[in-house]
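Quick notes on the structure that follows.
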Amino acid sequence: MEMYKNGNDYPALQDLESRQTEILKRLYELKAVVDGLSKTVLTPDADLDVTEISQVCCVPTIHTRANLDSILGKSSGVLRDIVINASPSEVPLSLLVLHSLLCEQYRVLSSVHVHSSVKNNPAQLRNCLGEESSSRSRQEYQLGFTVIWKDVSKPQMKFSIQSMCSIEGEGNIARFLFSLLGREYDPVASTQIDSWVDVAIFQLKMGSNKEKAAVMRSLNSVLGKSPCVVGVDLTLADIVLYCALQQTEIASVPANVQRWVKSCENLACFNLAPKLK
Numbered sequence: 004m005e006m007y008k009n010g011n012d013y014p015a016l017q018d019l020e021s022r023q024t025e026i027l028k029r030l031y032e033l034k035a036v037v038d039g040l041s042k043t044v045l046t047p048d049a050d051l052d053v054t055e056i057s058q059v060c061c062v063p064t065i066h067t068r069a070n071l072d073s074i075l076g077k078s079s080g081v082l083r084d085i086v087i088n089a090s091p092s093e094v095p096l097s098l099l100v101l102h103s104l105l106c107e108q109y110r111v112l113s114s115v116h117v118h119s120s121v122k123n124n125p126a127q128l129r130n131c132l133g134e135e136s137s138s139r140s141r142q143e144y145q146l147g148f149t150v151i152w153k154d155v156s157k158p159q160m161k162f163s164i165q166s167m168c169s170i171e172g173e174g175n176i177a178r179f180l181f182s183l184l185g186r187e188y189d190p191v192a193s194t195q196i197d198s199w200v201d202v203a204i205f206q207l208k209m210g211s212n213k214e215k216a217a218v219m220r221s222l223n224s225v226l227g228k229s230p231c232v233v234g235v236d237l238t239l240a241d242i243v244l245y246c247a248l249q250q251t252e253i254a255s256v257p258a259n260v261q262r263w264v265k266s267c268e269n270l271a272c273f274n275l276a277p278k279l280k
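See the structure below:
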């Protein structure tokens, strides 16, 4: 019986070669995706590299108030109070800016207290949420926002639901408060915003001079292409980066960043931040 002389005569072998080629193709595609993601994932020690991501899809898909019941739980007639412990030696400016934005959308009962662990508390910190309003009864407010100046290592937040969930760190609390504004973004924009928040906290506020310089170069490049850090509208990235910049010593601020800082300061929500840094 005469044997087949080449692989073309074996249908099973042809099928195997075809499958192998397809598998290799998919592996190359996956490698390209992983290589691309590795350039955008940021850690406290990583160099910033988000400038090449398209700004086209970085616009809010929803711009409305959030459903407070879905986030904070049903109130059962009791005012839902967000309570933040923070050290006066390291003022979480971004949280105060977010308080101003929340006041634009909700009836917010604001109050400030000083814990016994704090010996010196400047008058401007006691008035950091503006003047307290007593014209309404507690039941007429939609949200309570209380700041307690206390000797803590990092900002801590609790809100009045049954679980009394605790959130720590300025960046994490800022993400939570921003969610109450009801602004939602596509996955690319959300990822960019989260990345910039981490960059602001870990590299701009806490990083080395080299890291701070890298942030300023990348921020300047991004702001040369769009009016805000992520797209054309104010996002949490703008708020946290602006506040971090107020509390950081920078040798030289690039032109695009200077223009952006001035545009932020034209917004009412940023009025108090430069005074409290």
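Residue numbers (our numbering): 4 to 280.
Where is the CB? At the ideal position from N, CA and C, for every residue including glycine.
| Item | Value |
| --- | --- |
| Roughly how many angstroms separate the alpha carbons of L275 and L96, rounded to a whole number? | 9 Å |
| Closest to W132 by C-alpha separation, out of Q142, W199 and S103, would be which residue? | Sequence inspection shows Leu at residue 132; the Trp mentioned does not correspond to that position. For the residues Q142, W199 and S103, the minimum Cα distance to L132 belongs to S103. |
| Consult DSSP for S113 and reduce its assignment to one of helix, strand or coil. | strand |
| Taking 8 Å as the cut-off, decide whether the C-beta atoms of L2 and L105 are in contact. | Here the chain has residues from 4 to 280 only, and residue 2 is not among them. |
| What are the residues that DSSP puts in a beta bridge with A89? | W152 |
| Counting only C-beta atoms, is L99 closer than 8 Å to chain D at any point? | Protein chain content of the structure displayed is limited to a single chain, and chain D is not contained in it. |
| Which residue from L128, L101 and R178 puts its Cα closest to that of S90? | L128 |
| Please look up how many angstroms separate the CB atoms of L82 and G147, rounded, as I've assumed it's under 8 Å. | 5 Å |
| Whose C-beta lies closer than 7 Å to the C-beta of C231 among residues of the same chain, with five residues either side of it excluded? | L237, T238 and D241 |
| Just to confirm my understanding: we take N259, look at its own chain, exclude 5 residues before and 5 after, and list those with CB closer than 6 Å. What are they? | N223, L226 and G227 |
| Just the C-alpha distance for S92 and M219, rounded to the nearest angstrom, thanks. | 25 Å |
| Identify, in the order they occur along the chain, each residue of the same chain with its Cβ nearer than 6 Å to the Cβ of V233, setting aside the five sequence neighbours on each side. | C61, A192, Q195, I196 and A240 |
| Shortest alpha-carbon distance to I85 belongs to which of G210, Q145, M209 and F205? | Q145 |
| Excluding the five sequence neighbours on either side, which residues of its own chain have a C-beta within less than 8 Å of the C-beta of T149, listed in chain order? | D84, I85, V86, I87, S113, S114, V115 and H116 |
| Here's the rule I'm using: 16 or more other beta-carbon atoms within 10 Å means buried, otherwise exposed. How should S21 be labelled? | exposed |
| Which residue or residues does DSSP assign as beta-bridge partners of F162? | I85 |
| What is the C-beta distance between L248 and L99, in whole angstroms, given that I count them as a contact (C-beta under 8 Å)? | Actually they do not touch by this definition, with Cβ atoms about 15 Å apart. |
| Nearest-angstrom Cα distance between E173 and K153? | 15 Å |
| Out of curiosity, what's the CA-to-CA distance linking V111 and E25? | 59 Å |
| Can the beta-carbon of E171 be found less than 8 Å from the beta-carbon of K161? | no |
| In the DSSP output, which residue or residues are listed as bridge partners for I196? | Partner(s): none; I196 has no beta bridge. |
| Cα separation between E3 and Q261? | As shown, the chain starts at 4 and ends at 280. That puts residue 3 outside it, with no answer to give. |
| By a C-beta neighbour count over all protein chains shown, 10 Å radius and 16 as the cutoff for buried, is S120 buried or exposed? | exposed |
| Give every residue of the same chain whose Cβ lies closer than 7 Å to the Cβ of T267, excluding the five residues on either side of it in the sequence, and list them in chain order. | Checking the displayed sequence, the identity of residue 267 turns out to be Cys instead of Thr. Closer than 7 Å at Cβ, skipping near neighbours: D241, Y245 and F273. |
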